[in-house]
Amino acid sequence: MSLRALSKDCEEVEGRCENLSQSCSTPFIYKIGLVSPGRDLWNMLLKKRRRFFLPSERQKMERYESVDTYEPATIVYKDHLESRNQEPRWFIWVFVFGLGIASSVIAIVVVSLLHVLNGIRYELLGFGLRGFSFNDSNRYAMTNRTDLDIAALFEGVGVGLYGIEPRSLKKGYLMWISFSLVLSVISSLICLLVPESIGSGLPEVMAYLNGVHYPMLGSFRVLLAKVSFIIFSVASGACTGHFGTIILTGAMLGAQALQRRRYFRCDSVHIIECFRNPRDRRVITVIAAAAGVASAFGVSIGGLMVVVELISTILPVRFAIYVFAASLVSSLTLQIYFSFFSYFSLRDRHSYPHGELISEMVQFFVSCVSFEDLVRMHIFYFIPTTLIGLFCGVLASVFVRLSSFALGLRRWLEQRLETKAVRYVLPVLFTGIYVTIHFWVAAAVGSGGWSPPAPSPSEPPRIGSDSIRLPMLQQTMSNESNPAGLHGAMGGPCVAVPSTLLTTLNVTSISYYGANGFFCSAPTAVEDQVHEERWGMKPTLSVLHAYASLAFANADSAVQTLLSWHTEEMLGAPVLVIFLSIYFLASALFLGVSLGGDTLLPGLVIGAAVGRLFGIGVHYAAVSVVGAEAASSWADPGCFALIGAGSFLGGTTGLTFSICTILMESTSDFQHLLPLMMGITIAKKTAELFTQNINTILLQMRCVPMLDFENEVHKYPMFDARHVMTSHVVTLETVCTIEQILYVLRSTRHNAFPIESVRDRTYKGIIVRQQLEILLWHVYFTPHPSICTYELGKKVEARLFYDKLLGTLPPLETRLDVRIDLSPYIDHSGFCVLDKTTLPRTYTMFRTLGLRHLTVVNPENRIVGIITRKDLVTDRIIEGIFAAEESRRAIIEGKSFALPDGALITAGGSDSNSISSNKRMDKTDGNASYSSNVLESSARRQQIAGKEYEFYRTGDWLVLGRYDGVWGDVAEGIEGLMHPSASTVAAIRAQAATRRASFVQEPDAGGPNEVNPRHVAKRESISLLDCLPDVIQTRKTP
């Protein structure tokens, strides 16, 4: 074939594509079929394992909407801006400080209650080990007290699980498992009573920052349920954490900051009211989410970094300062509280200058060492870092797969057994099995190892003595006797509590509860200037059980133990291997079967254990080559545990620089920033070869419409907006009757409706559903025709909220023929794109601008479709791409191609045959391929030609009509009519409920502007002039 003939054939294909409204910007090589873009896309899908939603799952997706970002730029809103005084924008700093403090208060309450419940759990364990007795001479060493001290229990003073001989393991296990099951049952009951509290925390925040609106964020009841659930779930001993929930509670505080409360009315406060708009609501919620991150990890910059990494819209610099300030306030509040208080009791500050803040109390994972003992970075770090990154990436993909498998298995059991009780029973059973395995493994490991000598109680210790350094001195002696520095780890599970952990925030968890040496026959050492009881001294425990310090501790305490420096003798490789095997499998499965498993702390624990195992190997190798003293300066297992923690968490969550920043702040280990960055990058890219991150998987399983195709959409500029838009658009006109508005609002659940001109059918803007409802209620309340100003609209909205009438339509049967000019209430700045706008630009515009609706118009500015969040979900984009490619191939081959949903596309069609393959067209319509805004009936043309629309041309913006009743007889004004009696409100609700029952509301299969064929008849044009009663009666709903 000659080049001229080939060019002629391509020109013919272009012409036929133009007739079919196909985008012919496809490169030449795709047109002649040498390379298939669909094949490349399919290869990418196999590699990424993208999720394709079933029809039933797409119906569930309709529960979610996009977050409103912009205030509708209506005429009444512009008039309001012109008439108002300068807004008190300075008041946003009140929200910044208030949300920062409130988020940290919730974190303090959660951590303190977990501390108290842990104390109760270990006291009950000791009660069982002693044969159901609280009396124990070793409970509070150096004292004469043997019974239970409730005050000491709540303050975190030693539980006394040491030197219990003989031990009754069966009775101890009975108390241990009973406490865990009771708390787990309570957490499940909370989720049963408040189903909206189900969720991990971070995925919900990630979805909101992506632009998905979660209604449960605004519920104070759900907030209390989430906090209660996570406290009981973590305290039960389950392999989960509380960080994700604390982050979510921060976002929930922001979402509720501007909500109206029926028991607390502040509508007359102008300062509050000026922030009740979509833009400020979103800004304040994002600020609170950052404060939640800061309060969870005790960091400030990390909160800003998480928002920057997860938010899908553009982040202005002036907005970033609010986020940073809220994170700063939250972390500062935590540091102030824990510097002066130890959970619910005052902290002993004898050894600290007056007013000094204790930085170690807010840095959760820090190791307290002197400057000379800092572990330096070495060039050989990058070799094991590469191996850690690769291994953690593969392990992260396995973790995600196991979690999704467990979640799928739980849902399969629910369907098979036909009951949702499975989701509440499985977490309880799993928790019982998990704590049982850990208890008996700890018992099997034994109680051998190191134990310190007991100090003499005959005389009080001297001030300034070296008794505080007893554990460190004992460790030094062990290190001298064993050059490898692993005497405790190799000799038995009982080892000395490292001095690097004794002055940290989790000292009570490590020295008393989390590390628990109840299998170790060890007395206590006395620590001067810290604890005081008999001679002004209180005991501090100096021995821990290596396995129990990880298995029985909360996840945050386990992470601090694994990340600690100069603790080579504390955790041996056998202990780590056993713990890692059990914890990895259990946490992956529990995240799937539980109702609120955390995705952060378990990942840190697993990654830190993996990194520490690599670090032990490096330490052994370094000791054999350069000696123990030289190896201890850089080959520390705790540093490699930090790299492993960041790598695994980056692989599972998909976070990169935010995780790096958080770990740097929480450990103060800036020496190893470069290897940490390298490990996170390698692990993330390795995990992406096999699966998506765990947060995305969980959101996909809940059918949340996430816009996460930005990394691949730029490869397909040959496709455009017509391939993904919804062509079935429910539109309104600039002038329409109340009957038409009521019909559309009752028969659809769409959030907004594009507006077209009554004369030339051109696009004029968009109007939201809430504005239409407020406008109708304004007509109901108003005794005479008038415009609904912005201020009156706000009053009507407040009145509907307090009367619980939001979402209810007013009874206007006597005014159905009244015509309303919608021009003052139309958002004339509504975003729109041409139908030939490329797909990457359309996607980027929708995502980065935070849009909820994007109208598609043709070159004549007529509406041809609309794009919403559901239309840009990955699987729908993929369907559109495949359908467009197949139709293009059919054109080249001269054949017709039938789409899977029944729409037939043939060569020689008109512009009305625009491809929208992923949108359902009713098969009963046959060849009714149409453009929903093109057909003009004769009746419509006569109405346009009539003079009843003359007022539209003159620009009058009033509510007008031909109502023959007596409107002027009403003596009360608008303010009086806006306060109906309780009986009137009840009657309106009952009438609205009856009308809703007449329309069968089922979840739409398409986007939020696609008409449901179950309750809206198929029409060749969606113009509302066709919705008049005489027309409706002549049509049959398929």
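Counted from 1, the sequence shown has number 915 at position 915 by UniProt numbering; the numbering is strictly sequential. Ideal Cβ placement from N, Cα and C applies to all residues, glycine included. If you're wondering where the values come from, they're calculated on a predicted model, not measured in any experiment.
| Item | Value |
| --- | --- |
| In or out: T431 buried (at least 16 other Cβ within 10 Å) or exposed? | buried |
| Whole angstroms are fine: how far does the CA of Y263 sit from the CA of S219? | 14 Å |
| For S342 and S447, I'd like the C-alpha separation in whole angstroms. | 31 Å |
| Quick check on this structure: which residue in S981, V94, W440 has the alpha carbon closest to the alpha carbon of W176? | W440 |
| For the pair the stretch 838 to 850 and the stretch 790 to 810, tell me if three or more CB-CB distances fall below 8 Å. | no |
| Just confirm the distance between the C-beta atoms of L576 and L604, as a whole number of angstroms; I'd bet it's less than 8 Å. | In fact, because the Cβ distance is near 15 Å, the residues do not count as touching under 8 Å. |
| Pull up the distance between the alpha-carbon of A752 and that of R769, whole angstroms please. | 5 Å |
| R282 to Y173, Cα distance in whole Å? | 49 Å |
| Less than 7 Å between the beta carbons of I866 and L812, yes or no? | no |
| Apply the 10 Å Cβ neighbour rule to G355 and answer buried if 16 or more other Cβ atoms are within range, or exposed otherwise. | exposed |
| Which residue comes first and which comes last in the beta strand (DSSP E) that contains D821? | 819 to 821 |
| Using the rule of at least 16 other Cβ atoms within 10 Å of the residue's Cβ for burial, across every protein chain shown, is I314 buried or exposed? | exposed |
| Just the C-alpha distance for P602 and R276, rounded to the nearest angstrom, thanks. | 38 Å |
| Just the Cα atoms here: how many angstroms apart are L224 and L99? | 16 Å |
| Find out if the Cβ-Cβ distance for the pair A294, G254 is shorter than 7 Å. | no |
| For A798, tell me which candidate among W777, I787, S786 has the shortest Cα-Cα distance. | W777 |
| Could you pull the DSSP bridge partners for F341 from this structure? | L346 |
| Look up R920 in the DSSP assignment and say whether it is helix, strand or coil. | Any reading at R920 is ruled out, since the residue's pLDDT is 36, under 50, leaving its predicted position unreliable. |
| Closest to S187 by C-alpha separation, out of I271, F319, A235, A546, would be which residue? | A235 |
| Measuring CB atoms only, is the stretch 208 to 218 touching the stretch 58 to 66, in the sense that at least three cross pairs come out at less than 8 Å? | yes |
| Taking the beta strand (DSSP E) that V833 belongs to, which residues open and close that run? | 832 to 834 |
| How many whole angstroms separate the CB atoms of V227 and I106, which I take to be in contact at a CB cut-off of 8 Å? | 6 Å |
| What ranges does the alpha helix (DSSP H) occupy inside the stretch 650 to 734, keeping only unbroken runs of at least 4 residues that lie completely in it? | 657 to 667, 673 to 688, 694 to 701, 710 to 713 |
| Do the stretch 556 to 574 and the stretch 387 to 407 make contact, defined as three or more Cβ pairs closer than 8 Å? | no |
| Measure the Cβ-Cβ separation of I659 and G646 and say whether it is below 7 Å. | yes |
| With H, G and I counted as helix, E and B as strand and the rest as coil, what does DSSP make of D280? | helix |
| Given G389, which residues of its chain have a CB within under 6 Å of its CB, disregarding the five upstream and five downstream residues? | S647, G679, I682, A683 |
| Drop a sphere of 10 angstroms on the beta-carbon of E710, count the other beta-carbons inside from all chains shown, and report buried for 16 or more, exposed for fewer. | exposed |
| Mapping DSSP to helix, strand and coil, what is L54? | coil |
| Nearest-angstrom Cα distance between G880 and Q692? | 22 Å |
| Given that a residue counts as buried once 16 or more other Cβ atoms are within 10 Å of its Cβ, and exposed if not, what is F670? | exposed |
| In or out: L417 buried (at least 16 other Cβ within 10 Å) or exposed? | exposed |
| Between the C-alpha atoms of A296 and T855, what's the straight-line distance to the nearest angstrom? | 41 Å |
| What are the boundary residues of the beta strand (DSSP E) that includes P754? | 752 to 756 |
| Could you spell out the range, first to last residue, of the beta strand (DSSP E) harbouring L170? | First, the amino acid is wrong: residue 170 is Lys here, not Leu. Looking at the DSSP string, K170 is not in any beta strand (DSSP E); the run it does join, the alpha helix (DSSP H), is 169 to 193. |
| Helix, strand or coil, according to DSSP, for L816 in the structure here? | coil |
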